[in-house]
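Protein chains in written order, with the working numbering: chain C, 26 to 200; chain X, 1077 to 1351.
Positions of the beta carbon are idealized from the N, C-alpha and C atoms, including for glycine.
Just so we're clear, the structure is a prediction, and the values are computed from it rather than from any experiment.
In what follows, a single structure is set out as structure tokens and then discussed.
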């Protein structure tokens, strides 16, 4: 059975094939020649980094191997190299409380993992997300990289109740 | 609905993500002085809209001291740098791609007058942000809940070619070392001509009969000089003498042939002794 990203890629390529009598593109823009479209590049967020409910005054860690870890799937050209870098927050903001209610968040030397071709975090390579890494997409049958990230939050004993959020930005540069 | 209320509704209504992201094609854009334009197509395969922002910078693949390929960013390229980042524009630069729809980003080049023949480079950054936030569960304002949203940025190469462009590569300093169950391979690659060398590297370890025992193939882009490190899985290789062959060619399966600048293959080999 065809995987979802591959199916999407096939459907997208189908959209790009010029058809006589049909306008191409969106909003009246000119269509793209199908022959300039090579393999597509897709970064899919599979899950956000979710700590759930955490106790006040106690540091809580989500390992990259845990169910709450953030996860991405990268699909691209087989065997291609990509660089993986992160922009990481240092503080999370309580979106229910008054401004200024924050919580520290940190990331360690093994808070991130990546795996070539296979969606299997147990066999993935650990790396420090603050330094990033270089990954290689899988072979023709599985031209993927899977990526996971965990972290540690340290709520103060006086932390206000509510929902604390932030954003992790992952950058994939095609080399 | 107030913003906070909407956010909470999103938070507490959010199940594990079925997938957030945007499909980008192609993964490299080639423009020329005749049309001065290019296009990138975005497709949102998900059930939530995706907010997209477009930007450019000047950078190129290079290697660090360990031979790892990285993108070297040049924030303020000087006048001798082949940077197109300041004179290629994207339209639109911000957009929302609705679920199951596609949008086209048009790229238009406005090069300075008197631009010399050659190839000019930029990196296109596509930032995509989904609408859902992560925390699940029922509303309970007495608890402390924590979740982080993941945003993705994709960087692809943009190439602008004017006039006669040609490329080539020189290969030197080929060397190897057995590291654990792998054969590490280093080589010094220097781009020739006035365009980047976009091609493939093929390394093969052969025995005295010419039989291939291990090999590796990877796409490469050489913009100046780089010294990449490759690794071939060799397992438990019997002691003896072998030969490592490295071939560089401009063949690329992921790019249309008319987009790749041809150049004669370059080869070198080196003896490998396994004690």
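- In this structure, residue 1187 (chain X) keeps its C-beta atom at 9 Å or more from the C-beta atom of residue 1120 (chain X).
- If you ignore the 5 residues before and after residue 81 (chain C), its C-beta comes within less than 8 Å of the C-beta of 180, 181, 182, 183, 184, all in its own chain and listed in chain order.
- Counting along the chain, the unbroken beta strand (DSSP E) around residue 1278 (chain X) starts and ends at 1273-1282.
- The way I'd put it, the region 1149-1164 of chain X does touch the region 1190-1199 of chain X; three or more beta-carbon pairs between them come closer than 8 Å.
- Annotation: residue 69 (chain C) to residue 88 (chain C) spans about 20 Å, alpha carbon to alpha carbon.
- At a cut-off of 9 Å between beta-carbon atoms, residue 167 (chain C) makes no contact with chain X.
- Residue-level contact check: residue 1338 (chain X) does not touch chain C, since none of the beta carbons of chain C fall below 9 Å from its beta carbon.
- Under the Cβ criterion (8 Å, minimum of three pairs), the region 1104-1120 of chain X does not count as touching the region 141-152 of chain C.
- Chain C has a Cβ within less than 9 Å of the Cβ of residue 1230 (chain X).
- Separation of the CB atoms of residue 120 (chain C) and residue 195 (chain C) is rounded to 22 Å, and the pair is thereby denied contact status at 8 Å.
- The beta-carbon of residue 159 (chain C) is placed less than 9 Å from the nearest beta-carbon of chain X.
- Between residue 1179 (chain X) and the set X:1152, X:1222, X:1116, X:1164, the nearest pair of CA atoms involves X:1116.
- For residue 133 (chain C), the secondary structure class from DSSP, reduced to helix, strand or coil, is coil.
- The continuous beta strand (DSSP E) containing residue 190 (chain C) extends over residues 187-199.
- A distance below 9 Å separates the beta carbons of residue 1100 (chain X) and residue 65 (chain C).
- Only 65, 66, 67, 68, 69, 70, 71, 72, 73, 74, 75, 76, 77, 78, 79, 80, 81 from the region 65-81 of chain C bring a Cβ to less than 9 Å from some Cβ of chain X.
- Within chain X, no C-beta atom comes less than 7 Å from the C-beta of residue 109 (chain C); the nearest is roughly 11 Å away.
- Per DSSP, residue 1140 (chain X) lies in no beta strand (DSSP E) and is assigned neither H nor E.
- Taking 9 Å as the threshold, the shortest C-beta distance from residue 1100 (chain X) to chain C falls below it.
- The shortest CA-to-CA distance from residue 1295 (chain X) to any of X:1107, X:1154, X:1145, X:1118 is the one to X:1145.
- In the DSSP assignment, residue 1315 (chain X) falls outside any beta strand (DSSP E) and carries neither an H nor an E.
- Remark: C-beta atoms of residue 1181 (chain X) and residue 1192 (chain X) do not approach each other more closely than 9 Å.
- Note that the region 98-115 of chain C does not touch the region 1240-1260 of chain X; fewer than 3 beta-carbon pairs, one per stretch, sit closer than 8 Å.
- Closer than 9 Å to the CB of residue 1144 (chain X) there is at least one CB belonging to chain C.
- Burial is judged here by how many other beta carbons sit within 10 angstroms of a residue's own beta carbon; residue 1284 (chain X) has fewer than 16 and is exposed.
- Taken atom to atom, the span from the alpha-carbon of residue 166 (chain C) to that of residue 199 (chain C) is near 19 Å.
- The DSSP assignment places complete beta strand (DSSP E) segments of no fewer than 3 residues inside the region 1182-1267 of chain X at 1194-1206, 1220-1238, 1243-1255, in order along the chain.
- For residue 170 (chain C), no Cβ of chain X is located within less than 9 Å of the residue's own Cβ.
- When secondary structure is reduced to three states using DSSP, residue 117 (chain C) falls in the strand class.
- Listed along chain X, no residue sits closer than 9 Å to residue 163 (chain C) by beta-carbon distance, the nearest being about 12 Å off.
- In the structure shown, residue 1334 (chain X) adopts helical secondary structure according to DSSP, grouped into three states.
- At a cut-off of 9 Å between beta-carbon atoms, residue 1103 (chain X) makes contact with chain C.
- Taking the Cβ atoms as the reference, residue 1311 (chain X) lies roughly 5 Å from residue 1257 (chain X), within the contact range of under 8 Å.
- Residues of the region 108-127 of chain C with a C-beta atom less than 8 Å from some C-beta of chain X are 108, 114, 117, 120, 121, listed in chain order.
- For residue 83 (chain C), the secondary structure class from DSSP, reduced to helix, strand or coil, is coil.
- Secondary structure at residue 157 (chain C): coil, using DSSP grouped into helix, strand and coil.
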